[in-house]
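Residues in the sequence shown are numbered consecutively from 122, following this note's numbering. C-beta: ideal position from N, C-alpha, C; glycine also. Worksheet: one structure, shown below.
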Amino acid sequence: MPVLRNISFLATCREEGRQGDLHAVRNAALVWDDSQIIWVGGEADLPDHYKGSEELDARGRLVIPGLVDCHTHLAFAGWRAEEFVQRALGKSYLEIAESGGGIMHTVRLTREADSRTLLKHCQEVLDQTVELGVTAVECKSGYGLDLETELKILSVYRDLKDCHPVRLASTYLGAHVIPVEFEDNRSDYLDLVCREVIPAVTRANLASFCDVFVEEAAFSLEEARQVFAAGREHGLRPKVHADQLSSGGGAELAGEVGAVSADHLEHVSDAGIEQMAAAGTVAVALPLASLYLNQTPLQVRKLIDGGVRVAVATDFNPGSSPSFHLPLGMTLLCVGSQMTPAEALKAATIYAARAMGMEGMIGSIEEGKAADFAIIDAPDPDHWLYYFRPNACLGTFVGGRQIWGQGA
Ligand code: NIG
Ligand code: FE
């Protein structure tokens, strides 16, 4: 039975209490059996029967629950560095999309890519993600927008679950944009999403959630309602890309349909915050996307004060967020969104786990939960996020097994 001792600060990140309540244990020890945590507490209180088991030494470091990246567009083909340059020269994200770039550019390349290439790309990204202490990732489709390619992407995620130790949750994002071939016939595309793709996705058990990009340049509130109704009928829980580029009632809709999460939210309204709080919808801040699109970052205080849990994720994708660095996103929240490091840590663990429906199993260090955790080269969370380094993670454990780093 492995015991991790000499932990200077163990952030349990239990869910109760406020966003900044980490329920930390100082000078702690942690015990797990095969895959589950069985004891957490002060090292001085470690019961005798655990002493002398397989002992690991954290050397006075910080231990956190495995980080959870609860919003990514992991599987795509090709990159879009040329758009990064165009934006630097003054073009906007929407102007680039209107001139044939943006999401549709990635859709064209992803339709052409074979499953093996997509799987290899996902594996390479996940291999680097775990080095940062990430142990669970939500991944969306949405670069296929036809039956065949959406199923191809979601099947890649299914295969990934079998060959990679990271825990995954899959989301069908057929309502990402209207594909060009349906430009003059939006309702036919919605019929395809609702009557063909959603039933096929759920028949093959390929997703847990469905997501809609609610935005003037993407889908209206009424169209989103249709997709969520079809999703719900087939057992897919709603998630929303809401109020990213303009204030369009996306947060209100998230509350109305009882969405698990509403993500982006840079332009969220007060009414939207109220409806999210009433429905228990998690707000997902995506600070790397705000950074790359040079937007004012989400101001999280009004959400937290309004009773909404705030999570953080990378939004990893080839357009608005070509980075999977979740700890960088956490530091950005502290710099630009008035969040404390303690709040950012709960955002990247237990609240992120809730945003992907896995809060009962992961996201906190508690007896009975999976032994998913990371050892961070810092004395506490404040110092970790303040002294930003390319990688401060020394070891990553999933289900009690070390999947990255030197032996502790
Ligand atoms: O979350 N907002 C919509 N979708 C992605 C962007 C995808 C892309 O640009 O390829 C996002 O930012
Ligand atoms: Fe996104």
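If you check the CB distance, GLY478 and ARG288 do not come in under 8 Å.
When the beta-carbon positions are compared, ILE274 and ALA350 stay at least 8 Å from each other.
Annotated three-state conformation of LYS360 is strand, per DSSP. DSSP, read as helix, strand or coil, puts GLY371 in helix. By the C-beta density criterion, THR517 is buried, having at least 16 other C-beta atoms within 10 angstroms. The beta carbon of ASN512 sits no closer than 7 Å to any heavy atom of the ligand FE. In this structure, PRO300 places its C-beta atom within 8 Å of the C-beta atom of LEU266. The segment 160-170 and the segment 455-475 do not touch, with fewer than three beta-carbon pairs separated by less than 8 Å. Here GLU487 is near ARG135, since their CB atoms are less than 8 Å apart. Comparing alpha carbon positions, the residue from ALA325, ALA492, GLU252 and ALA383 closest to VAL277 is ALA325. In this structure SER129 does not touch PRO502 by the C-beta definition: roughly 11 Å separates them, more than the 8 Å allowed. A heavy atom of the ligand FE is found nearer than 7 Å to the CB of ASP436.
According to the DSSP secondary-structure assignment, LYS241 is paired through a beta bridge with no residue. Cβ-Cβ separation between THR435 and ILE185: approximately 17 Å, too far for a contact (criterion under 8 Å). In this structure, ALA328 has its CB at a distance of at least 7 Å from all heavy atoms of the ligand NIG. Of the other Cβ atoms in all chains shown, 16 or more fall within 10 Å of the Cβ of TYR293; this residue is therefore buried. Cβ neighbours of THR133 within its own chain (closer than 8 Å, five residues either side excluded): LEU143, HIS144, ALA145, VAL146, VAL161, PRO186, SER485, ILE486 and GLU487.
A distance below 8 Å separates the beta carbons of GLU344 and LEU311.
Bounds of any beta strand (DSSP E) do not take in PHE349; it lies within the alpha helix (DSSP H) bounded by 342-354. In the structure shown, GLY199 falls within a coil segment according to DSSP collapsed to helix, strand and coil. Distances taken from the Cβ of GLN207 to the heavy atoms of the ligand NIG include none shorter than 7 Å. THR270 is positioned such that its CB atom lies no closer than 8 Å to that of THR323. Boundaries of the alpha helix (DSSP H) around GLY450: 447-457.
Taking 7 Å as the cut-off, one finds no heavy atom of the ligand NIG near enough to the beta carbon of PRO286. Beta-bridge partners assigned by DSSP to VAL378: none are found.
Exclusion of the five residues before and after HIS226 leaves ARG201 as the residues of its chain whose Cβ lies within less than 7 Å of its Cβ.
VAL381 counts as buried, since at least 16 other C-beta atoms from the protein chains shown sit within 10 angstroms of its C-beta. Between CYS284 and the set ALA209, CYS243, VAL405 and PHE437, the nearest pair of CA atoms involves CYS243. Take THR250, set aside five residues on each side of it, and the residues of its chain with a beta-carbon closer than 6 Å to its own are PHE445, in chain order.
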